[in-house]
Amino acid sequence: MLWAGIAAGKIFGAPGQLALGLLFILLLVAAGVMVWRRSRISWLAFLLLFLVLGMIRFMAVDKLPKQDISHFAQQEVKVTGTLREEPRVTEDLTGQKKIRYEIDVSKVNAAGQEQSASGGMYVYSRLTSQELPQVQVGDEIKASGKVRIPQGYQNPGQLDTKLLLKAQGITASLSTGKRGITVMPRETKTFARWIISIREHYRNQMLQVMTKEDAAAVFAMLFGGYEGIKSDLLQDFTATGIVHILSVSGSHISLLAAVMAWLAGLLHFPKGITAVMVIGAIVLYSILSGCVPPVIRSGIMGGLTFLALALEREKTAGHILLLTGIVMTAISPLLLFHISFQLSLGATAGLLYLAPKIRKWLCLHGMPELAAGSMAITIAAQAATLPILAWYFNQVSLSSLLANLLAVPVIELILIAALLAGLAGFALPLAGKVIFTAVSLLLGIVAEIVRILARLPASQIWVPSPNAAGVAVYYLLLGWFLLKEEQRKFLVQQPGRHKHWLAAVGGVALLVFGGWRYVHPPELMVHFVDVGQGDCCLVMTPGGHAFLFDTGGTRDGTFDVGARVDVPYLLHYGVRRLDAVFLTHAHEDHAAGCGAILHKIPVGKVYTAGEGLSAYARSMRLGDNDPVLQKFEMARQGSRLQIDGVTIEVLYAPAIAADQPAGNEASNVYRVSYGRASFLLTGDLTKEREHNLLQAGINPESTVIKAGHHGSDTSSSEEFLQAVHPGFAVFCVGRDNGFGHPKGIVLKRYEAAGIKIYRTDENGAIVFHTDGRTMQVEPYAS
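Printed below as a string of structure tokens:
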């Protein structure tokens, strides 16, 4: 109920702090009275008590203090803070390097007035020379720039970036541009610096005997992170379902604990010494990993649970896992929404409760004990976390079973050997180099195994996004599997005693559902996806056909919108094939994401404006001979496509002069119609082209308009809006974008025309449902 209270606080909001406090006190008194009178319903008071406690805890951490740096959003400030961890360097496709500093803010100077401040912040700076600034954890940093609130992509099924960062204490960001930072060295945080020096020792030892990419992969296996790893290896790890190996998690903790327990058993040590070895290994690894919060959480959760198992207290292990999860979320309620916490808790529960049953069943059916144990661990972890994986990723790796049998044992050997190599390198550098050389060879074996497995047919399968009822049914079925035979027989006998009532209820439910389906007309769904500062619109016909209009993208290529936003969104809604993609023009914020989509999802055709094939290939960063370019075809003005009662028109396709570089004026205009409802998609159509469209006698009247050029004043002329006469408008725009979109004058123009406005920066994904007569709108965020 504590978790239910935390979730309720996030979903529905919480009443005032005073009201909640009074309610908590009343429930506490009521619970005490009920216990004193030995009431049979005293449990109900305690459930409500923990529900209210969860709401109180969520409200306490959700409301930031007045001095938090986030309250200076959109202001030009100079901040002073202390560096939390090592700077991280990234490089975009243009070769520009950027540095990210994570600091604890202590002071802020706004409008010439300095004051105390708090909160965590990311500070971004460009690397203008080949050498990194000399800075260590604990040093004081000064930086100037505009404060921004971190914001991810607000779409169903995607990680809530803002919430995840908030759980880590990061509430704002700032970009210094070319100004850089000022560093004031401080002799503090000696322990953190000592840990960093140990990790650098490991990195340097690896680089002496293996390539930079191999060293990055082994370092990631040891301490987490994806920096410097070959993209092909990372994709293969993802496809085979073992990418979690590259993030410090409960699997690392369990491995070390298992090795220590196995070693203690081999040497016939008593339980007390076994416990000391298990805890000692976990503590040592946590220190080497930097004592970052994910490691500490995994260490506490996995360590205590595995310790109970090592001491042969299986029932206690389950209680410890539940208690640890409750205590962690009581201290930090936002953890409940953190994917790493959800997966760690689910996977550990699967190992405790499901794995022994699965292992026993496999052994009874003839599988060797060693193989059964490894297979049971994999199946149990995936089965326990399947709803979580389905919600966030919509993919499950079938090849993970083989990967866990063939690759993971070698990876486990790599982890243990690499840890020993680094420790040996302090006293015997030559011994460390020899072991790391062997580790490099083992990594080559792993890379080849996962490469082959990732390319097997049906290596990954799509799974639908679950709803609350589906999740409940799924875990009830898992619970049924865990019951003893006599418990199942008892439950099977119960429905027979009430079969008449069950039949009546089932009949009524069938009639209600069937009647609803009969009277409920088929709908067209139009999704305006949040892709930041770009356009993307998904159209799903009543018959299940899917079309995409623009795909979003970034100009510098630092983030693959197609692979990391568009494809997950499509999979979340069950779209595994696109009949066609319609691109308004070749600019990256409209077309760059299409490249990844074409390589990940079957697409029938790609219709373009008239800039030429090479312009789209450059925008999507495709090679001139990439076979997907054969799908491209220039859209012809006046052409139509009809399917499932839906009409897609190429309403306007302006001609482009061969001797002039194409820009926003090249934008095609598409209209999607269903009954009396219609959607006008204008790309970045300029006012001049809007005028030309009207002069050509084209009637653009539509129910919904996608505002031209993200709300720039270069589009949306008054005469054009009058001709369209929409009831709704959608602005596809990135939060706090540097262009100032949408422009205030444009917003006023729409408001004056009485048009209902939605914005992806404020509302996230916006979904329109229409049966051709009525219209319903579902914004993801309010």
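So the sequence shown is numbered by the numbering used here: it starts at 113 and just counts up by one.
Idealized CB from N, CA, C, for every residue including glycine.
Residues sharing a beta bridge with residue i, DSSP
i	result
A442	DSSP lists no partner for A442.
C649	F640 and F661
R238	K210
W574	Q507
I817	L792 and A841
A222	V189 and Q225
E598	For E598, which the question treats as bridged, DSSP gives no partner whatsoever.
K868	F840
Y338	For Y338, which the question treats as bridged, DSSP gives no partner whatsoever.
Y786	V758 and A789
E635	DSSP output for E635 lists no bridge partner at all.
Beta-carbon contacts of residue i that lie in its chain and below 8 Å, excluding the five residues immediately before and after
i	result
L132	A126, V164, M167, I168 and M171
V575	L498, L501, A502, N506, Q507 and V508
M296	D251, E252, I253 and K254
K472	none
Contact test: residue i Cβ vs the ligand GTP heavy atom, cutoff 6 Å
i	result
L805	Looking for the ligand GTP in the displayed structure turns up nothing, as the structure carries no ligands at all.
Endpoints, alpha helix (DSSP H) assigned at residue i
i	result
Y397	K383 to L400
T194	It is not in any alpha helix (DSSP H) - T194 instead sits in the beta strand (DSSP E) that spans E188 to L195.
D283	One detail in the question is off: residue 283 reads as Thr in this sequence, not Asp. Note, T283: premise wrong, no alpha helix (DSSP H); beta strand (DSSP E) at I282 to S287.
D344	S343 to A351
G716	Segment V715 to T720 is the beta strand (DSSP E) holding G716; no alpha helix (DSSP H) there.
A841	Note, A841: premise wrong, no alpha helix (DSSP H); beta strand (DSSP E) at F840 to F843.
S228	S228 -> not in any alpha helix (DSSP H); beta strand (DSSP E) instead, spanning Q225 to S228.
S452	I451 to A461
P468	A467 to L476
F124	L114 to F124
Proximal residues to residue i (C-beta, below 6 Å), its chain only, five neighbours per side dropped
i	result
A304	V249
L833	A865
E761	R752 and R783
D691	H657, F659 and G716
S285	Y234, R260 and P262
I293	S237, I253 and A255
Given residue i as reference, the closest of the options once Cα atoms are compared
i	options	result
A835	L806, Y681 and G257	L806
I282	T294, K290, V259 and I709	V259
Q227	P766, T192, R200 and I293	T192
G884	K855, D848, T759 and R871	T759
S398	L457, I310 and Q599	I310
I354	W374, K342 and M333	M333
S452	L734, E831, V620 and D272	D272
L138	T798, L400, L527 and F158	F158
T300	Q317, H380, T194 and A279	T194
F640	Y681, G656, L588 and L623	Y681
D756	M746, A721 and V651	V651
C648	E597, F602 and L792	L792
A222	H183, L513 and G735	H183
H699	G724, I709 and L532	G724
K818	S828, I810, G809 and N811	S828
P812	S790, G795, P177 and K799	S790
G336	L400, Q317 and T302	L400
I491	L378, Y504 and P468	P468
P714	L683, G556 and K601	L683
L568	Y314, E831 and D348	D348
Start-to-end residues for the beta strand (DSSP E) that takes in residue i
i	result
S779	Run containing S779: none; DSSP gives neither H nor E here.
M296	T294 to M296
F880	I878 to T882
F791	A789 to L793
R200	R200 to E203
E952	Beyond the ends of the chain as shown, which are 113 and 894, falls residue 952; an answer cannot be given.
V259	E252 to R260
M963	Outside the displayed span of the chain (113 to 894) sits residue 963, for which this structure offers no information.
F162	Run containing F162: none in the beta strand (DSSP E); it sits in the alpha helix (DSSP H), S154 to D174.
Close-in-space but distant-in-sequence residues of the same chain around residue i (CB under 7 Å, 5 per side omitted)
i	result
L276	H450
K342	E325
V845	Q645, H822, G823, H853, P854, R871, T872 and D873
A495	G462, L466 and L590
L555	D326, A329, V330 and I526
7 Å Cβ cutoff, residue i in contact with chain D
i	result
L134	This model lacks chain D altogether; it includes just one protein chain.
Please list the segments of the beta strand (DSSP E) lying wholly inside the stretch 675-706, counting only runs of 3 or more residues, in order along the chain. 690-694
Please list the segments of the alpha helix (DSSP H) lying wholly inside the stretch 291-330, counting only runs of 4 or more residues, in order along the chain. 302-319
Where are the alpha helix (DSSP H) runs, 4 residues long or more, that stay fully inside the stretch 492-542, in chain order? 512-518 and 520-539
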